[in-house]
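Contents: one structure, followed by commentary.
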Amino acid sequence: MALGLLLGNLVPGLNTALEAVKVGEVSLPIAVGLLVMMYPVLAKVRYDQTRRVIGDRKLMISSLVINWLLAPAFMFVLAWVFLADLPEYRTGLIIVGLARCIAMVMIWNDLACGDRESAAVLVAINSVFQVVAFGALGWFYLQLLPSWLGLPTTSADFSFWAITLSVLIFLGIPLLAGFLTRTLGEKAKGRDWYEGTFLPRLGPWALYGLLFTITLLFALQGGTIAARPLDVARIALPLLVYFVVVFGAGMLIGKWLDLGYAKTTTLAFTAAGNNFELAIAVAVGTFGVTSGQALAGVVGPLIEVPALVALVYAALWARKRFFTPATASL
35 MALGLLLGNL VPGLNTALEA VKVGEVSLPI AVGLLVMMYP VLAKVRYDQT RRVIGDRKLM
95 ISSLVINWLL APAFMFVLAW VFLADLPEYR TGLIIVGLAR CIAMVMIWND LACGDRESAA
155 VLVAINSVFQ VVAFGALGWF YLQLLPSWLG LPTTSADFSF WAITLSVLIF LGIPLLAGFL
215 TRTLGEKAKG RDWYEGTFLP RLGPWALYGL LFTITLLFAL QGGTIAARPL DVARIALPLL
275 VYFVVVFGAG MLIGKWLDLG YAKTTTLAFT AAGNNFELAI AVAVGTFGVT SGQALAGVVG
335 PLIEVPALVA LVYAALWARK RFFTPATASL
(Lines of atoms letter the chains of each structure in order from A and count residues from 1; the text may use other names and numbers.)
(Lines give C-alpha, C1' and ligand atoms only; values in the text may rest on other atoms or scores of the structure.)
Protein backbone atom coordinates (compact mmCIF):
# COMPACT_ATOMS: atom_id res chain seq x y z
CA MET A 1 0.00 0.00 0.00
CA ALA A 2 2.79 2.43 0.92
CA LEU A 3 4.74 1.55 -2.23
CA GLY A 4 1.65 2.05 -4.36
CA LEU A 5 0.92 5.47 -2.85
CA LEU A 6 4.52 6.54 -3.45
CA LEU A 7 4.47 5.34 -7.06
CA GLY A 8 1.17 7.07 -7.72
CA ASN A 9 2.47 10.39 -6.42
CA LEU A 10 6.05 10.27 -7.71
CA VAL A 11 5.93 8.59 -11.14
CA PRO A 12 4.58 10.94 -13.84
CA GLY A 13 2.05 9.41 -16.20
CA LEU A 14 1.68 6.17 -14.24
CA ASN A 15 -2.09 6.58 -13.88
CA THR A 16 -2.50 7.12 -17.61
CA ALA A 17 -0.39 4.06 -18.39
CA LEU A 18 -2.32 1.83 -15.97
CA GLU A 19 -5.68 3.04 -17.29
CA ALA A 20 -4.68 2.73 -20.97
CA VAL A 21 -6.33 -0.68 -21.34
CA LYS A 22 -9.29 -1.82 -19.24
CA VAL A 23 -11.24 -5.00 -18.59
CA GLY A 24 -14.71 -3.59 -18.08
CA GLU A 25 -14.00 -0.65 -15.77
CA VAL A 26 -10.91 -2.22 -14.16
CA SER A 27 -7.35 -1.51 -15.29
CA LEU A 28 -5.86 -4.45 -17.23
CA PRO A 29 -2.76 -4.84 -14.95
CA ILE A 30 -5.03 -4.92 -11.88
CA ALA A 31 -7.33 -7.42 -13.60
CA VAL A 32 -4.30 -9.66 -14.33
CA GLY A 33 -3.21 -9.38 -10.69
CA LEU A 34 -6.67 -10.41 -9.48
CA LEU A 35 -6.72 -13.44 -11.79
CA VAL A 36 -3.23 -14.52 -10.67
CA MET A 37 -4.38 -14.10 -7.06
CA MET A 38 -7.57 -16.13 -7.48
CA TYR A 39 -6.34 -19.04 -9.61
CA PRO A 40 -4.08 -20.85 -7.08
CA VAL A 41 -6.72 -20.62 -4.33
CA LEU A 42 -9.41 -22.08 -6.57
CA ALA A 43 -7.00 -24.78 -7.78
CA LYS A 44 -6.75 -25.93 -4.13
CA VAL A 45 -10.50 -26.51 -3.81
CA ARG A 46 -11.62 -30.15 -3.68
CA TYR A 47 -14.58 -29.83 -6.03
CA ASP A 48 -15.80 -33.34 -5.28
CA GLN A 49 -16.68 -32.09 -1.78
CA THR A 50 -18.91 -29.18 -2.82
CA ARG A 51 -22.04 -31.32 -2.45
CA ARG A 52 -21.25 -31.57 1.26
CA VAL A 53 -21.22 -27.77 1.48
CA ILE A 54 -24.43 -27.29 -0.50
CA GLY A 55 -26.14 -29.79 1.80
CA ASP A 56 -25.27 -27.72 4.89
CA ARG A 57 -28.48 -25.72 5.22
CA LYS A 58 -27.33 -23.85 8.32
CA LEU A 59 -24.29 -22.50 6.51
CA MET A 60 -26.16 -21.67 3.30
CA ILE A 61 -29.07 -19.87 4.95
CA SER A 62 -26.92 -17.97 7.47
CA SER A 63 -24.61 -16.80 4.67
CA LEU A 64 -27.48 -15.54 2.52
CA VAL A 65 -29.10 -13.73 5.46
CA ILE A 66 -25.88 -12.02 6.56
CA ASN A 67 -24.64 -11.16 3.05
CA TRP A 68 -27.86 -9.94 1.47
CA LEU A 69 -30.01 -8.73 4.38
CA LEU A 70 -27.97 -7.78 7.44
CA ALA A 71 -24.68 -6.49 5.97
CA PRO A 72 -26.18 -4.09 3.36
CA ALA A 73 -28.68 -2.80 5.94
CA PHE A 74 -25.88 -2.23 8.45
CA MET A 75 -23.80 -0.33 5.86
CA PHE A 76 -26.85 1.81 5.05
CA VAL A 77 -27.17 2.73 8.73
CA LEU A 78 -23.44 3.48 9.06
CA ALA A 79 -23.48 5.63 5.92
CA TRP A 80 -26.29 7.79 7.27
CA VAL A 81 -24.88 7.98 10.81
CA PHE A 82 -21.32 8.95 9.79
CA LEU A 83 -21.86 10.72 6.44
CA ALA A 84 -25.30 12.33 6.67
CA ASP A 85 -23.84 15.69 5.54
CA LEU A 86 -21.83 14.20 2.63
CA PRO A 87 -24.29 12.66 0.15
CA GLU A 88 -21.72 11.59 -2.47
CA TYR A 89 -19.59 9.65 0.03
CA ARG A 90 -22.73 8.26 1.66
CA THR A 91 -23.94 6.89 -1.67
CA GLY A 92 -20.52 5.43 -2.44
CA LEU A 93 -20.42 3.69 0.93
CA ILE A 94 -23.85 2.14 0.36
CA ILE A 95 -22.68 0.85 -3.03
CA VAL A 96 -19.63 -0.74 -1.34
CA GLY A 97 -21.99 -2.47 1.10
CA LEU A 98 -24.02 -3.95 -1.75
CA ALA A 99 -20.96 -5.37 -3.57
CA ARG A 100 -20.41 -8.71 -1.85
CA CYS A 101 -16.89 -10.14 -2.04
CA ILE A 102 -16.05 -12.65 -4.80
CA ALA A 103 -12.24 -12.38 -5.00
CA MET A 104 -9.96 -11.42 -2.10
CA VAL A 105 -12.12 -13.23 0.43
CA MET A 106 -10.59 -16.47 -0.88
CA ILE A 107 -7.18 -15.23 0.22
CA TRP A 108 -8.28 -14.14 3.70
CA ASN A 109 -10.18 -17.41 4.19
CA ASP A 110 -7.12 -19.43 3.13
CA LEU A 111 -4.76 -17.52 5.43
CA ALA A 112 -7.13 -18.09 8.36
CA CYS A 113 -7.41 -21.84 7.59
CA GLY A 114 -11.08 -21.63 6.67
CA ASP A 115 -13.00 -24.22 4.63
CA ARG A 116 -11.93 -23.80 0.97
CA GLU A 117 -14.83 -25.78 -0.47
CA SER A 118 -17.36 -23.74 1.55
CA ALA A 119 -15.69 -20.51 0.46
CA ALA A 120 -15.87 -21.50 -3.21
CA VAL A 121 -19.56 -22.36 -2.96
CA LEU A 122 -20.49 -19.23 -0.98
CA VAL A 123 -18.56 -17.01 -3.37
CA ALA A 124 -20.36 -18.62 -6.32
CA ILE A 125 -23.72 -18.01 -4.63
CA ASN A 126 -22.75 -14.38 -3.92
CA SER A 127 -21.86 -13.99 -7.58
CA VAL A 128 -25.27 -15.21 -8.76
CA PHE A 129 -27.06 -12.95 -6.28
CA GLN A 130 -24.82 -10.05 -7.32
CA VAL A 131 -25.91 -10.30 -10.92
CA VAL A 132 -29.59 -10.78 -10.05
CA ALA A 133 -30.04 -8.51 -7.03
CA PHE A 134 -27.46 -5.67 -7.16
CA GLY A 135 -29.58 -3.30 -9.23
CA ALA A 136 -32.75 -3.95 -7.22
CA LEU A 137 -30.94 -3.50 -3.89
CA GLY A 138 -29.34 -0.29 -5.17
CA TRP A 139 -32.78 1.08 -6.00
CA PHE A 140 -34.13 -0.02 -2.60
CA TYR A 141 -31.32 1.49 -0.47
CA LEU A 142 -30.75 4.65 -2.52
CA GLN A 143 -34.34 5.56 -3.42
CA LEU A 144 -37.15 3.53 -1.86
CA LEU A 145 -35.96 3.13 1.76
CA PRO A 146 -34.77 6.77 2.12
CA SER A 147 -38.12 8.00 0.78
CA TRP A 148 -39.94 5.84 3.34
CA LEU A 149 -37.79 7.35 6.11
CA GLY A 150 -38.17 10.91 4.84
CA LEU A 151 -34.51 11.14 3.80
CA PRO A 152 -33.00 12.50 0.55
CA THR A 153 -32.90 9.98 -2.29
CA THR A 154 -30.21 9.30 -4.89
CA SER A 155 -30.77 8.30 -8.50
CA ALA A 156 -28.39 5.68 -9.87
CA ASP A 157 -28.45 3.66 -13.08
CA PHE A 158 -26.56 0.41 -12.55
CA SER A 159 -25.29 -1.43 -15.60
CA PHE A 160 -26.42 -5.06 -15.55
CA TRP A 161 -23.71 -5.88 -18.11
CA ALA A 162 -20.94 -4.28 -16.00
CA ILE A 163 -21.94 -6.37 -12.98
CA THR A 164 -22.21 -9.58 -15.02
CA LEU A 165 -18.88 -8.93 -16.72
CA SER A 166 -17.16 -8.37 -13.36
CA VAL A 167 -18.47 -11.69 -12.03
CA LEU A 168 -17.61 -13.63 -15.19
CA ILE A 169 -14.04 -12.29 -15.35
CA PHE A 170 -12.97 -12.20 -11.71
CA LEU A 171 -14.69 -15.40 -10.62
CA GLY A 172 -15.63 -17.32 -13.77
CA ILE A 173 -12.19 -17.46 -15.41
CA PRO A 174 -10.14 -18.50 -12.32
CA LEU A 175 -12.91 -20.86 -11.17
CA LEU A 176 -12.90 -22.69 -14.51
CA ALA A 177 -9.09 -22.74 -14.58
CA GLY A 178 -8.90 -24.05 -11.01
CA PHE A 179 -11.49 -26.76 -11.67
CA LEU A 180 -9.73 -27.95 -14.84
CA THR A 181 -6.32 -27.90 -13.16
CA ARG A 182 -7.59 -29.99 -10.24
CA THR A 183 -9.50 -32.43 -12.47
CA LEU A 184 -6.79 -32.95 -15.09
CA GLY A 185 -3.92 -32.90 -12.56
CA GLU A 186 -5.47 -35.59 -10.37
CA LYS A 187 -6.42 -37.68 -13.41
CA ALA A 188 -2.87 -37.56 -14.76
CA LYS A 189 -0.79 -37.87 -11.56
CA GLY A 190 -3.14 -38.63 -8.67
CA ARG A 191 -4.27 -36.60 -5.65
CA ASP A 192 -1.12 -37.24 -3.59
CA TRP A 193 1.12 -35.71 -6.28
CA TYR A 194 -1.31 -32.88 -6.96
CA GLU A 195 -1.64 -31.81 -3.32
CA GLY A 196 1.84 -32.78 -2.17
CA THR A 197 3.97 -31.56 -5.08
CA PHE A 198 2.03 -29.31 -7.46
CA LEU A 199 0.01 -27.14 -5.05
CA PRO A 200 3.01 -26.14 -2.87
CA ARG A 201 4.67 -24.76 -6.01
CA LEU A 202 1.53 -23.00 -7.23
CA GLY A 203 0.29 -21.68 -3.87
CA PRO A 204 2.70 -18.73 -3.34
CA TRP A 205 1.46 -17.11 -6.57
CA ALA A 206 -1.78 -16.23 -4.81
CA LEU A 207 0.13 -13.95 -2.43
CA TYR A 208 2.27 -12.57 -5.26
CA GLY A 209 -0.92 -11.68 -7.11
CA LEU A 210 -2.40 -10.11 -3.97
CA LEU A 211 0.65 -7.90 -3.35
CA PHE A 212 0.88 -6.93 -7.02
CA THR A 213 -2.83 -6.01 -7.12
CA ILE A 214 -2.69 -3.93 -3.94
CA THR A 215 0.42 -2.07 -5.11
CA LEU A 216 -1.12 -1.17 -8.48
CA LEU A 217 -4.49 -0.31 -6.96
CA PHE A 218 -2.96 2.26 -4.64
CA ALA A 219 -0.61 3.53 -7.34
CA LEU A 220 -3.66 4.18 -9.49
CA GLN A 221 -5.56 6.00 -6.71
CA GLY A 222 -2.61 7.42 -4.76
CA GLY A 223 -3.07 11.00 -5.97
CA THR A 224 -6.75 11.07 -5.04
CA ILE A 225 -6.12 9.65 -1.57
CA ALA A 226 -3.21 12.03 -0.85
CA ALA A 227 -5.17 15.08 -2.06
CA ARG A 228 -8.17 14.50 0.23
CA PRO A 229 -6.89 13.01 3.51
CA LEU A 230 -9.70 14.38 5.72
CA ASP A 231 -12.36 12.99 3.40
CA VAL A 232 -10.57 9.64 3.42
CA ALA A 233 -10.64 9.66 7.24
CA ARG A 234 -14.39 10.41 7.26
CA ILE A 235 -15.08 7.48 4.92
CA ALA A 236 -12.63 5.15 6.69
CA LEU A 237 -14.28 5.23 10.11
CA PRO A 238 -17.64 3.64 9.15
CA LEU A 239 -15.80 1.12 6.98
CA LEU A 240 -13.64 0.04 9.91
CA VAL A 241 -16.72 -0.33 12.12
CA TYR A 242 -18.42 -2.33 9.36
CA PHE A 243 -15.59 -4.83 8.89
CA VAL A 244 -15.12 -5.50 12.60
CA VAL A 245 -18.82 -5.76 13.49
CA VAL A 246 -19.87 -7.89 10.50
CA PHE A 247 -16.90 -10.24 10.94
CA GLY A 248 -17.61 -10.55 14.66
CA ALA A 249 -21.29 -11.24 13.98
CA GLY A 250 -20.34 -13.94 11.48
CA MET A 251 -18.05 -15.64 13.99
CA LEU A 252 -20.69 -15.49 16.74
CA ILE A 253 -23.44 -16.84 14.49
CA GLY A 254 -21.21 -19.65 13.23
CA LYS A 255 -20.26 -20.57 16.80
CA TRP A 256 -23.91 -20.45 17.88
CA LEU A 257 -24.91 -22.73 14.98
CA ASP A 258 -22.02 -25.08 15.86
CA LEU A 259 -20.56 -24.96 12.35
CA GLY A 260 -17.01 -25.66 13.54
CA TYR A 261 -14.02 -23.36 13.17
CA ALA A 262 -13.35 -23.77 9.43
CA LYS A 263 -16.91 -23.07 8.27
CA THR A 264 -17.45 -20.36 10.89
CA THR A 265 -14.36 -18.54 9.64
CA THR A 266 -15.52 -18.87 6.05
CA LEU A 267 -18.95 -17.52 6.99
CA ALA A 268 -17.37 -14.52 8.75
CA PHE A 269 -14.95 -13.59 5.96
CA THR A 270 -17.48 -13.99 3.13
CA ALA A 271 -19.80 -11.69 5.10
CA ALA A 272 -17.19 -9.05 6.00
CA GLY A 273 -15.40 -8.79 2.64
CA ASN A 274 -16.59 -6.58 -0.20
CA ASN A 275 -16.10 -6.62 -3.96
CA PHE A 276 -14.27 -3.30 -4.23
CA GLU A 277 -13.52 -3.93 -7.92
CA LEU A 278 -17.24 -3.94 -8.66
CA ALA A 279 -17.98 -1.04 -6.29
CA ILE A 280 -15.35 1.15 -7.95
CA ALA A 281 -16.49 0.12 -11.45
CA VAL A 282 -20.14 0.91 -10.66
CA ALA A 283 -19.29 4.24 -8.99
CA VAL A 284 -17.01 5.33 -11.84
CA GLY A 285 -19.42 4.19 -14.54
CA THR A 286 -22.43 5.85 -12.89
CA PHE A 287 -21.04 9.00 -11.27
CA GLY A 288 -17.63 9.59 -12.90
CA VAL A 289 -13.99 8.96 -12.02
CA THR A 290 -13.61 12.18 -9.97
CA SER A 291 -16.86 11.75 -8.03
CA GLY A 292 -17.16 11.37 -4.29
CA GLN A 293 -18.86 8.02 -4.87
CA ALA A 294 -15.75 6.77 -6.67
CA LEU A 295 -13.51 8.01 -3.83
CA ALA A 296 -15.61 6.05 -1.32
CA GLY A 297 -15.05 2.93 -3.44
CA VAL A 298 -11.30 3.60 -3.55
CA VAL A 299 -11.09 4.02 0.23
CA GLY A 300 -12.75 0.59 0.61
CA PRO A 301 -9.60 -1.50 -0.05
CA LEU A 302 -7.47 1.07 1.80
CA ILE A 303 -9.31 0.02 4.97
CA GLU A 304 -10.32 -3.51 4.00
CA VAL A 305 -6.82 -4.84 3.36
CA PRO A 306 -5.25 -4.07 6.78
CA ALA A 307 -8.54 -4.69 8.60
CA LEU A 308 -9.05 -8.18 7.17
CA VAL A 309 -5.37 -9.07 7.61
CA ALA A 310 -5.84 -8.20 11.30
CA LEU A 311 -9.04 -10.27 11.37
CA VAL A 312 -7.10 -13.27 10.03
CA TYR A 313 -5.05 -13.14 13.23
CA ALA A 314 -8.24 -12.62 15.26
CA ALA A 315 -9.73 -15.76 13.70
CA LEU A 316 -6.61 -17.82 14.43
CA TRP A 317 -6.66 -16.56 18.02
CA ALA A 318 -10.35 -17.49 18.35
CA ARG A 319 -9.62 -20.99 17.03
CA LYS A 320 -7.37 -21.71 20.00
CA ARG A 321 -9.61 -20.05 22.57
CA PHE A 322 -13.20 -20.85 21.59
CA PHE A 323 -13.11 -23.97 19.39
CA THR A 324 -12.38 -27.52 20.49
CA PRO A 325 -9.48 -29.37 18.83
CA ALA A 326 -11.95 -31.53 16.88
CA THR A 327 -13.78 -28.59 15.31
CA ALA A 328 -10.63 -26.51 14.91
CA SER A 329 -8.64 -29.18 13.04
CA LEU A 330 -7.31 -28.18 9.62
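Counting from 1 along the sequence shown, just add 34 to a position and that's the residue number in our numbering.
Every residue gets a Cβ at the ideal spot worked out from N, C-alpha and C, and that includes glycine.
Curious, which full-length alpha helix (DSSP H) runs of at least 4 residues does the stretch 275-331 contain? 295-306 and 310-321
Residue(s) in a DSSP beta bridge with serine 61: Locating residue 61 in the sequence shown gives position 27, counting from the first residue. Partner(s): Lys56.
Can you look up arginine 86 in the DSSP assignment and give me helix, strand or coil? Locating residue 86 in the sequence shown gives position 52, counting from the first residue. Of the three classes helix, strand and coil, the one that applies to arginine 86 here is helix, per DSSP.
Here's the rule I'm using: 16 or more other beta-carbon atoms within 10 Å means buried, otherwise exposed. How should tyrosine 276 be labelled? Within the sequence shown, residue 276 is the residue found at index 242, counting from 1. Looking at its Cβ environment, which holds 16 or more other Cβ atoms inside 10 Å, tyrosine 276 is buried.
In terms of residues, what are the limits of the alpha helix (DSSP H) holding proline 365? Examination of residue 365 is not possible in this model, given that the chain is present from 35 through 364 alone.
Whole alpha helix (DSSP H) runs in the stretch 70-156 with 4 or more residues, listed along the chain? 84-88, 91-99, 105-116, 121-132 and 139-145
For isoleucine 21, report the span of its alpha helix (DSSP H) as first-last. Limits of the chain in this structure are 35 at one end and 364 at the other, which puts residue 21 out of reach.
Which of helix, strand or coil DSSP assigns to valine 45: For this step, residue 45 is matched to residue 11 along the sequence shown. Three-state DSSP puts valine 45 in coil, outside helix and strand.
Leucine 185: buried (16+ other C-beta within 10 angstroms of its C-beta) or exposed? Numbered from 1 along the sequence shown, position 151 holds the residue referred to as residue 185. Answer is exposed; the Cβ neighbour count stays below 16.
How would you call valine 166, buried or exposed, if buried means at least 16 neighbouring beta carbons within 10 angstroms? One-based indexing of the sequence shown puts residue 166 at position 132. The residue in question, valine 166, is exposed, as its Cβ has fewer than 16 Cβ neighbours within 10 Å.
Any 3 or more C-beta pairs closer than 8 Å across the stretch 113-125 and the stretch 39-50: no
Per-residue burial, valine 280 [other beta carbons within 10 Å of its own, 16 or more giving buried]: As a working mapping, residue 280 is identified with position 246 in the sequence shown. Answer is buried; the Cβ neighbour count reaches 16.
Three-state secondary structure (DSSP) of phenylalanine 357: Taking the first residue of the sequence shown as 1, we reach residue 357 at position 323. Looking at phenylalanine 357 - three-state DSSP - the assignment turns out to be coil, as it is neither helix nor strand.
First through last residue of the alpha helix (DSSP H) which encompasses leucine 179: Position 145 of the sequence shown, counted from the first residue, corresponds to residue 179. Taken as a continuous stretch (DSSP letters only), the alpha helix (DSSP H) holding leucine 179 covers 179-182.
Isoleucine 136: buried (16+ other C-beta within 10 angstroms of its C-beta) or exposed? As a working note, residue 136 is residue 102 in the sequence shown. So isoleucine 136 ends up on the buried side.
When you compare the CB positions of valine 346 and leucine 104, do they come within less than 7 Å of one another, or not? By 1-based counting over the sequence shown, the position of residue 346 is 312. By 1-based counting over the sequence shown, the position of residue 104 is 70. Not closer than 7 Å, so no.
Between the Cα of proline 74 and those of Gln83, Leu178 and Leu244, spot the shortest distance and give me the residue it belongs to. As a first step, residue 74 must be located in the sequence shown, where it is residue number 40. If we check each option's Cα against that of proline 74, Leu244 comes out closest.
In or out: valine 55 buried (at least 16 other Cβ within 10 Å) or exposed? As a first step, residue 55 is located in the sequence shown; it is residue number 21 there, counting from the start. Valine 55 should be labelled exposed.
Determine the closest residue to proline 238 out of Leu52, Gly42 and Met71, with distance taken between C-alpha atoms. As a first step, residue 238 is located in the sequence shown; it is residue number 204 there, counting from the start. Measuring from the Cα of proline 238, the nearest candidate turns out to be Met71.
Under 7 Å Cβ to Cβ from serine 96, same chain only, skipping five residues before and after it: list those, please. One-based indexing of the sequence shown puts residue 96 at position 62. Closer than 7 Å at Cβ, skipping near neighbours: Ile287, Leu291 and Leu301.
Taking 6 Å as the limit between beta carbons, can you name the residues of its chain near valine 87, skipping five residues before and five after? Position 53 of the sequence shown, counting from 1, holds the residue named residue 87. Taken in chain order, the residues that qualify are Glu151, Ser152 and Val155.
Please report the straight-line C-alpha distance between arginine 268 and phenylalanine 356, rounded to a whole angstrom. The count along the sequence shown starts at 1 and reaches residue 268 at position 234. The count along the sequence shown starts at 1 and reaches residue 356 at position 322. Between arginine 268 and phenylalanine 356, the C-alpha separation is close to 34 Å.
Could you tell me the distance, in whole angstroms, from the CA atom of leucine 39 to the CA atom of leucine 271? Here residue 39 is taken as the residue at index 5 of the sequence shown, counted from 1. Here residue 271 is taken as the residue at index 237 of the sequence shown, counted from 1. If you take the alpha carbons of leucine 39 and leucine 271, they lie about 20 Å apart.
Any idea if glycine 224 is buried or exposed, counting beta-carbon neighbours within 10 angstroms, 16 or more meaning buried? Stepping through the sequence shown from its first residue, residue 224 is reached at position 190. When all chains shown are included, glycine 224 counts as exposed.
Do you know whose CA, among Arg134, Leu251 and Asn309, lies nearest leucine 52's CA? In the sequence shown, counting from the first residue as 1, residue 52 sits at position 18. Looking at the Cα atoms, Leu251 is the closest of the given residues.
In chain order, what residues of the same chain lie with their CB nearer than 8 Å to the CB of leucine 274, ignoring the 5 residues before and after it? For the purposes of this step, residue 274 is identified with residue 240 of the sequence shown, where counting begins at 1. Result list for leucine 274: Ile337 and Ala341, in chain order.
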